[in-house]
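If you read the protein sequences in the order shown, they are chains A and B. Quick note: the first sequence uses this note's numbering, first residue 8, plus one each step. Quick note: the second sequence uses this note's numbering, first residue -10, plus one each step. Contents: one structure, followed by commentary.
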Amino acid sequence: DAGVTQSPTHLIKTRGQHVTLRCSPISGHKSVSWYQQVLGQGPQFIFQYYEKEERGRGNFPDRFSARQFPNYSSELNVNALLLGDSALYLCASSHRTGNTEAFFGQGTRLTVV
Amino acid sequence: KQEVTQIPAALSVPEGENLVLNCSFTDSAIYNLQWFRQDPGKGLTSLLLIQSSQREQTSGRLNASLDKSSGRSTLYIAASQPGDSATYLCAVPNTGFQKLVFGTGTRLLVSP
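Following this line, the structure appears as structure tokens:
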């Protein structure tokens, strides 16, 4: 079975632009979460979606939004990019919410110039 | 608010040594604790998940222990190899299970 897949793996954007990151969870997993990781830090929570509904939101500005599709894949959108948005964006999937193991994708490296 | 701390921030050892990585958390009311490995610029690989009812979990040369009352977990790596070089992160879920709270990681370098 394929693991969590994210696309693209790398991208470079200009300040003020918009970006869409994509994530496909492990087959059978219904929960997808997004994290931002800057160099030297642990991942910081952005969103959790379960059964296509937002279940949690971290301390990020409204420029960040996400959604989950009927096939449980997910998109993270960031508007009006800032230099500080440069980071590794990680997607995690789990079978359900609650006391369950999380599996991460390889990440999308976003560079804002 | 749950906070997770990992000590040391970096560790360098010669090949073959046994080593211990530490993780501490401020709120002992956790349901589980997960250890991850991260290679530079890559995603996270799940190593071990310990449920709150467990004291230890083993996978190959890795052994993780959990002491909820003291707010601590340790990851023991036996007979370290250069391929073990990576950053190791621990994480616990928040009360509502919406998110994982991560430590900042321990960067391990195993020299041949």
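Think of the CB as a built atom: it goes at the ideal place given N, C-alpha and C, for glycine as much as any other residue. What you are looking at is a predicted structure, and each value in this text was computed from that prediction instead of being measured.
Query                                                                                                             : Result
7 Å Cβ cutoff met for residue -9(B) and residue 63(A)                                                             : no
Given residue 95(B) as reference, the closest of 4(B), 25(B), 3(B) and 14(B) once Cα atoms are compared           : 25(B)
Chain-ordered chain A contacts of residue 65(B) [CB-CB under 7 Å]                                                 : By Cβ distance, chain A contributes nothing, its closest Cβ being about 20 Å from residue 65(B), past 7 Å.
Identity of the residue in 22(B), 10(B), 35(B) and 16(B) nearest residue 99(A) by Cα                              : 35(B)
Per-residue DSSP class, three states only, for residue 28(A)                                                      : strand
Cutoff 7 Å; reference residue 107(A); Cβ partners in own chain excluding five residues on either side             : 101
Neighbour-count burial assignment, residue -3(B), 16 or more Cβ in a 10 Å radius                                  : exposed
Span separating the alpha-carbon of residue 99(B) from that of residue 67(B)                                      : 12 Å
Helix, strand or coil at residue 72(B) [DSSP, three-state]                                                        : helix
Which residues DSSP lists as bridging residue 3(B), in chain order                                                : 100(B)
Beta-carbon proximity of residue 78(B) to residue 53(B), cut-off 7 Å                                              : no
Residue range of the beta strand (DSSP E) that includes residue 44(A)                                             : 38 to 44
Three CB pairs or more closer than 8 Å across the segment 15 to 24 of chain B and the segment 54 to 71 of chain A : no
Positions along the segment 56 to 85 of chain B whose CB lies within less than 8 Å of some CB in chain E          : Among the protein chains of the structure shown, namely A and B, there is no chain E.
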